[in-house]
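One structure is given below, encoded as structure tokens.
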Amino acid sequence: MKKVLIYTVSVFMLVTLFYNIDIFNKFEIGSKQKAMINNNISKKYGDIIIKKGNENKKMIALTFDDGPDEDFTPQILDILKKYNAKATFFVVGQKVGWNPEIVKRAYEEGHEIGNHTFTHINICKSSNEQIRKEIMETQEIIKKEIGKEPTLFRPPYRAINETLFDIIKSNHMKVVLWSDLDTKDWSNPGVYNIVKTIEEKAENGTIILLHDYNKIRNNKSQTIQALEKIIPKMQSLGYEFVTIPEITK
Ligand code: ZN
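If you want this note's numbering, it's the 1-based position in the sequence shown plus 919.
Printed below as a string of structure tokens:
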């Protein structure tokens, strides 16, 4: 009798649980479906997606999106030079047009230049034609400055779709995302928090997303202040700062 009671209660609890999960799903269906579509695309194009580098070497890849910025990018280049650290810059095509000498400087100092679309579009909200135009025009303007087309692309807002991957694949490029570490430096969370996130989570092969543009136009962005701390700190622990091609070797 006791067993039957336990059984009945268990079944009742399970049904309640599933019913609640189902209600939850109804509210979440939009974002969950989107995540599933992204997952499927990520699986299909896994061979051209980079999220992490070589885990056997004490290397970290700093990546800077949204530049070149006339104020912040040169400061970042100065810090990198001071510590003999290399990084990857995912530049916005139209800003390359505004600050061509900065892109040239970054390239000449040994950093990698990647494509981040021409006007920072959201791939998922753009037509196929627009996506192609944004990517190819950025390839061209970068080539004009550094003499070669980038082989790396980073999608603004991390937005991806099949059209994007078809274009990337046919141009023999790769899509660079980032490791499970997001400082959200663009939102100005505080220098301490940017440093802490990197210090606590960075490990061999980590790709770190940062920004060399910030809408708050202080003399120094929080990202820059954090870099001044984090680069010597991680180097003292034996880490080397390298470009994406270097960390994926
Ligand atoms: Zn961006």
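Ideal placement from N, C-alpha and C gives every residue a C-beta, glycine not left out.
The segment 1006 to 1025 / the segment 983 to 992 touching (three or more Cβ pairs under 8 Å): yes
DSSP state of E1059 mapped onto helix, strand, coil: helix
Environment of G1066 [buried if 16+ CB atoms lie within 10 Å]: exposed
Coil, strand or helix - V1011 by DSSP: coil
Backbone secondary structure at G965 - three-state DSSP: The three-state secondary structure of G965, taken from DSSP, is helix.
heavy atom of the ligand ZN below 6 Å from D985 C-beta: yes
P1164 beta carbon near the ligand ZN (any heavy atom closer than 6 Å): no
Beta-carbon proximity check, K977 vs Y1158, cutoff 7 Å: yes
Backbone secondary structure at N958 - three-state DSSP: helix
C-alpha gap between T884 and I1042, whole angstroms: As shown, the chain starts at 920 and ends at 1168. That puts residue 884 outside it, with no answer to give.
DSSP-derived helix/strand/coil call for E1081: Three-state result, E1081: helix.
For K1115 and N1080, the rounded distance between their alpha carbons: Near 33 Å, if we compare the C-alpha coordinates of K1115 and N1080.
Counterpart residues of T982 in DSSP-defined beta bridges: T1007 and L1128
Neighbourhood of K1093 by C-beta distance below 8 Å, restricted to the same chain and skipping five residues each side: Only I967, I968, I969, T1070, L1071, F1072 and I1087 meet the Cβ criterion.
Length of the line joining the Cα atoms of K1103 and N1138: The straight-line gap separating the alpha-carbon atoms of K1103 and N1138 is approximately 19 Å.
Any non-hydrogen atom of the ligand ZN within 6 Å of P1075 CB: yes
Candidates L999, L1156 and K1052: closest to N1123 by CA position: L1156
Pair within 7 Å by beta-carbon distance, G1012 and E1056: yes
Secondary structure of G1157, DSSP reduced to three states: coil
CB contact flag (D1131, T992, <7 Å): yes
Rounded straight-line distance, which links the Cα of K1168 to that of T1036: 25 Å
Whole-number beta carbon distance between N1107 and Q1144, since they are thought to touch under 8 Å: In fact, because the Cβ distance is near 11 Å, the residues do not count as touching under 8 Å.
Proximity of I998 and L1146 at Cβ, strictly below 7 Å: Yes. Within cutoff.
A980 versus E1048: straight-line alpha-carbon distance, rounded: Per the coordinates, the alpha-carbon of A980 lies some 32 Å from the alpha-carbon of E1048.
Reference A1121, options N1133, W1105, S1098 and V1110, closest by Cα: Selected option, being the one with the closest Cα: S1098.
Environment of I1126 [buried if 16+ CB atoms lie within 10 Å]: buried
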